[in-house]
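A.B. asks: With the numbering used here as the guide, the letters of the sequence shown map in order to residues 5 to 191. Every residue gets a Cβ at the ideal spot worked out from N, C-alpha and C, and that includes glycine.
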Amino acid sequence: FCQHHAGRTVWMVTDAPLASSDGLTCIPAPEMTVFSITRCANLGIRAAIAAGADIVCKTDIDCIITQDAADFMAREIRQGRGAVFRYWGIAADAIGSGRETLLPRIQGTCAMTAADWQRCDGYDERMDGYGFDDADIIRRAERAGIAMPVLRRPKIFHIDHGEKHNRATCNPVRNTENVAIALGRTA
Numbered sequence: 005f006c007q008h009h010a011g012r013t014v015w016m017v018t019d020a021p022l023a024s025s026d027g028l029t030c031i032p033a034p035e036m037t038v039f040s041i042t043r044c045a046n047l048g049i050r051a052a053i054a055a056g057a058d059i060v061c062k063t064d065i066d067c068i069i070t071q072d073a074a075d076f077m078a079r080e081i082r083q084g085r086g087a088v089f090r091y092w093g094i095a096a097d098a099i100g101s102g103r104e105t106l107l108p109r110i111q112g113t114c115a116m117t118a119a120d121w122q123r124c125d126g127y128d129e130r131m132d133g134y135g136f137d138d139a140d141i142i143r144r145a146e147r148a149g150i151a152m153p154v155l156r157r158p159k160i161f162h163i164d165h166g167e168k169h170n171r172a173t174c175n176p177v178r179n180t181e182n183v184a185i186a187l188g189r190t191a
């Protein structure tokens, strides 16, 4: 979705279609035998850039971007300085209760200027499923000269949903395979 804040446009790219809403643009994912978060993320990132976004934030569908986080992105993300956000875990029935915990998972939400997304060439589309894509974008950005601090605050919440998204079929975790791709050990 797109948010205007302090004269800047911030786009959020997520990995699943959302319910229709005023001002919301959904871009359908291409047909894939195995889901690729990297290909879908890049589709959304490119669309946001083509539409004139100043800042693009890629997140996951099971996350809540707080107003503090959106304000931070609009205020602090600049060319040459992006940000990666650690997740705070929360149960779906506990939103707003203050019962969140910092998860050991390092990241999953990443924000950069449109120019910086282009400079690091987005996510590596050779990767399938999930796994290592978030660590790889930090590596790619830093190699392109973009500072990518990993932040605990402002908070971004990851909603605990127990069962993972079709992990045994179309949406597997492919961490080992994606590490090998990122390190140039396979094509």
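Grab me the residues of Phe-76's own chain with a C-beta within less than 7 Å of its C-beta, minus the 5 sequence neighbours each way, in chain order.
C.D. replies: For Phe-76, where only same-chain residues beyond five positions count, the Cβ hits under 7 Å are Pro-158.
A.B. asks: DSSP state of Arg-43, grouped into three classes?
C.D. replies: Helix, per DSSP.
A.B. asks: Taking the C-alpha atoms as reference points, what is the distance between Asn-170 and Ser-40?
C.D. replies: Confidence at Asn-170 is low in this model, with a pLDDT of 49, below 50, so its placement is unreliable and the value that follows should be read with caution. One C-alpha to the other measures close to 13 Å.
A.B. asks: Flag this pair as touching only if the region 68–87 and the region 47–56 have three or more C-beta atom pairs under 8 Å; answer yes or no.
C.D. replies: The region 68–87 is not in contact with the region 47–56.
A.B. asks: Does the beta-carbon of Ile-65 have 16 or more other beta-carbons within 10 angstroms, so that it is buried, or is it exposed?
C.D. replies: Flag for Ile-65 reads exposed.
A.B. asks: Tell me Ala-115's beta-bridge partners as DSSP assigns them.
C.D. replies: Bridge partners of Ala-115: Cys-61, Ala-87.
A.B. asks: Secondary structure at Phe-76, three-state DSSP: helix, strand or coil?
C.D. replies: In the structure shown, Phe-76 sits in a helix (DSSP, three-state: H, G or I).
A.B. asks: Rounded to a whole number of angstroms, what is the C-alpha to C-alpha distance between Phe-161 and Arg-79?
C.D. replies: One C-alpha to the other measures close to 20 Å.
A.B. asks: Taking 9 Å as the threshold (C-beta atoms), are Asp-132 and Val-38 in contact?
C.D. replies: Yes; because the gap between Cβ atoms is below 9 Å, this pair is in contact.
A.B. asks: Would you kindly report the start and end of the unbroken beta strand (DSSP E) that includes Arg-144?
C.D. replies: Looking at the DSSP string, Arg-144 is not in any beta strand (DSSP E); the run it does join, the alpha helix (DSSP H), is 137–147.
A.B. asks: Counting only C-beta atoms, is Cys-114 closer than 9 Å to chain D at any point?
C.D. replies: In summary, chain D is missing from the structure at hand, where a single protein chain is found.
A.B. asks: Using beta-carbon positions only, say whether Ala-87 and Met-152 come within less than 9 Å of one another.
C.D. replies: The answer is yes: Cβ separation under 9 Å.
A.B. asks: What distance in whole Å lies between the Cβ atoms of Arg-144 and Asp-125, which are believed to be in contact at a cut-off of 8 Å?
C.D. replies: That belief holds up - the Cβ atoms of Asp-125 and Arg-144 are roughly 7 Å apart, short of 8 Å.
A.B. asks: Using the rule of at least 16 other Cβ atoms within 10 Å of the residue's Cβ for burial, across every protein chain shown, is Thr-105 buried or exposed?
C.D. replies: Thr-105 is exposed by the Cβ-count criterion.
A.B. asks: Taking the beta carbon of Ala-119 as the centre, do at least 16 other beta carbons fall within 10 Å, making it buried, or is it exposed?
C.D. replies: Exposed, since its Cβ has fewer than 16 Cβ neighbours within 10 Å.
A.B. asks: Please classify Ala-191: is it buried, with 16 or more other beta-carbons within 10 angstroms of its beta-carbon, or exposed?
C.D. replies: Note that Ala-191 scores 48 on pLDDT, short of 50, meaning its location in the model is unreliable and no value can be drawn from it.
A.B. asks: Roughly how many whole angstroms lie between the Cα atoms of Ile-53 and Thr-117?
C.D. replies: Going from the Cα of Ile-53 to the Cα of Thr-117 covers about 9 Å.
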